[in-house]
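So the structure is just underneath, and the comments pick up after that.
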Ligand SMILES: [Zn+2]
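Numbering (this note's numbering), first residue to last: 196 to 624.
So, in structure tokens, the structure goes:
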């Protein structure tokens with residue numbers, strides 16, 4: 196997700212269903228590169244083929260130069276893809292496309308997307324790669340193309356001004372740059388993009404190290420991955436951080452222009468809305484009549500969740516502002532983070548129906564799941580901190596606290612305490 200400042204989550208990066216408008220040329224440029232096409236043979240690659248089958252090599256640590264980690268045998272790729280139910284269909288191709296870096300590629304693809312399971316299938320971006328400017332996730336024609344693009348970045352010592360230099364960059368520094376952006380590394384993990392923190396980057400690095408060392412030792416099982424809800428063995432936070440089932444309806448930035456670049460998004464809370472309509476109607480509105488007027492992050496209706504805007508990158512949707520009538524906890528929020536943070540740093544969630552429409556049980560369940568996931572994965576708080584974020588600020592707002600309208604209205608506002616309680620129970624879960 197990656198490199199931020201310009202994130203993945205992946206992690207929970209947004210995953211566009213399709214691309215359109217001006218972005219197409221740039222995307223195709225990346226997409227049409229094939230393994231070894233541009234930079235793949237870069238001289239900076241100390242392709243040391245690590246043997247994993249013979250005498251046990253020294254364990255990898257955060258201090259290990261990431262370019263010296265090497266490959267894993269093809270049967271590890273095959274078994275991990277099978278074991279994790281991956282949609283990636285070409286293990287030999289992906290191993291070849293990442294030659295010299297195969298162990299890191301496989302470990303990162305597990306950590307980023309559960310080997311392609313947590314993103315939209317038609318994006319085929321197992322490593323959560325973002326545009327070099329950080330705005331949006333990349334989309335590839337084949338899974339192998341995403342792996343090849345990843346390797347090109349790592350082998351290009353001048354990529355983005357040399358963010359992956361020098362040639363002996365330690366793994367821990369590589370992870371900081373890949374996950375939290377170059378400033379994250381240079382600031383000693385103090386200022387990370389993409390909503391990442393020192394703790395989240397440490398967990399990412401530790402997961403990668405465990406996976407790679409596990410393969411080197413010949414262990415069958417690594418830690419749970421990003422896409423796994425079922426693998427609860429020994430890693431409750433990772434399991435809890437899994438996103439709820441949602442429909443990828445990311446609207447390309449050119450198709451709906453109701454957003455601003457207010458800098459990288461840093462998720463600090465949620466803001467609740469009602470749609471004054473249906474989920475499908477709102478989805479159509481954002482792509483049609485309202486394409487220059489309104490956009491939000493998530494919509495809930497008919498027991499479904501749609502995601503319209505990535506939580507990573509730089510698109511701040513015109514959702515919860517314009518902060519022209521700030522009241523309640525909104526005053527403290529704006530004072531602390533500034534007006535730009537209202538649309539940029541609050542996850543806007545719309546629930547189908549009107550201000551006084553009761554919320555059906557299925558929609559309520561989705562709302563609790565979604566907010567709990569944001570609390571765990573993005574705010575990175577536990578039940579003891581919730582409903583505040585890690586900086587002690589309230590994490591749940593209503594649109595009325597920032598704008599001269601009654602949104603989300605009495606039906607949802609009357610249940611905010613219940614929402615906070617239900618989310619807290621899930622976080623304790
Ligand atoms: Zn609203």
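Ideal Cβ positions, reconstructed from N, Cα and C, are used throughout, including at glycine.
Could you tell me whether the stretch 509–526 touches the stretch 574–587, using the rule of 3 or more Cβ pairs below 8 Å?
-> no
With a floor of 3 residues, list each beta strand (DSSP E) that falls wholly inside the stretch 494–518, ordered by position along the chain.
-> 499–502 and 510–512
For residue 529 and residue 492, believed in contact at Cβ under 8 Å, the rounded distance = The pair is not a contact, with the Cβ atoms about 19 Å apart (cut-off 8 Å).
Quick one: grab the DSSP three-state call for residue 469.
-> strand
Nearest-angstrom Cα separation, counted from residue 309 out to residue 437 | 10 Å
Pull up the distance between the alpha-carbon of residue 278 and that of residue 560, whole angstroms please.
-> 30 Å
Close beta carbons around residue 547, own chain, < 6 Å, minus the five adjacent residues each side | 470, 473, 474 and 496
Could you please give the first and the last residue of the uninterrupted alpha helix (DSSP H) stretch that includes residue 559?
-> 556–568
In whole angstroms, what is the alpha-carbon distance linking residue 267 and residue 410?
-> 7 Å
Report all residues from its chain with a CB closer than 6 Å to the CB of residue 425; omit the five preceding and five following residues, and keep chain order.
-> Summary for residue 425: the model assigns pLDDT 30, below 50, so the residue's position carries little reliability; its value from the coordinates is reported in the next sentence. Closer than 6 Å at the Cβ level, and outside the excluded window around residue 425, lies no residue.
Residue 460 and residue 380 closer than 7 Å at C-beta = no
For residue 376 and residue 368, the rounded distance between their alpha carbons = 10 Å
Note the first and the last residue of the continuous beta strand (DSSP E) segment covering residue 545.
-> 541–546
Throw me the rounded Cβ distance for the residue 447 and residue 564 pair, which I believe falls under 8 Å.
-> Contact doesn't hold; Cβ gap of about 26 Å is too wide.
Tell me whether the beta-carbon of residue 462 lies closer than 7 Å to the beta-carbon of residue 568.
-> no
Can you tell me which of 467, 619, 532 and 323 puts its alpha carbon nearest to the alpha carbon of residue 374?
-> 323
Same chain, Cβ closer than 7 Å to residue 276, five either side skipped, listed in chain order = 283, 286 and 310
Ligand 2 heavy atoms versus the CB of residue 602: any closer than 6 Å?
-> You won't find ligand 2 in this model; what it holds is ligand 1.
Nearest candidate by alpha-carbon position, reference residue 265, set 280, 274 and 302 | 302
Taking three-plus beta-carbon pairs below 8 Å as touching, is the stretch 606–614 in contact with the stretch 480–487?
-> no
Indicate, with yes or no, if ligand 1 has a heavy atom lying under 6 Å from the CB of residue 549.
-> no
Among residues of its own chain, excluding the 5 on either side of residue 451, which ones have a beta-carbon nearer than 7 Å to its beta-carbon?
-> 481, 482, 486 and 490
Nearest to residue 274 by CA position, among 292, 305 and 555, is which residue?
-> 305
Which stretch, first to last residue, makes up the beta strand (DSSP E) that contains residue 592?
-> 591–593
heavy atom of ligand 1 below 6 Å from residue 589 C-beta = no
Candidates 327, 350 and 575, of which the one nearest residue 394 by Cα = 575
Expected contact under 8 Å - CB spacing of residue 494 and residue 501 to nearest Å = 5 Å
Assign residue 318 to one of two classes, buried (16 or more other C-beta atoms within 10 Å of its C-beta) or exposed (fewer than that).
-> buried
So, is residue 566 buried or exposed, given that buried needs 16 or more other C-beta atoms within 10 angstroms?
-> buried
In angstroms, rounded to a whole number, what distance separates the CA positions of residue 499 and residue 531?
-> 34 Å
From this set, 553, 455, 551 and 370, which residue's C-alpha is nearest residue 512's C-alpha?
-> 455
Backbone CA spacing between residue 619 and residue 612 [nearest angstrom] = 11 Å
Determine the extent of the alpha helix (DSSP H) in which residue 272 is found, giving its start and end residues.
-> 269–278
Would the beta-carbon of residue 366 fall within 7 Å of that of residue 261?
-> yes
Buried or exposed: where does residue 516 fall if 16 or more other Cβ atoms within 10 Å of its Cβ makes it buried?
-> buried
Drop a sphere of 10 angstroms on the beta-carbon of residue 391, count the other beta-carbons inside from all chains shown, and report buried for 16 or more, exposed for fewer.
-> buried
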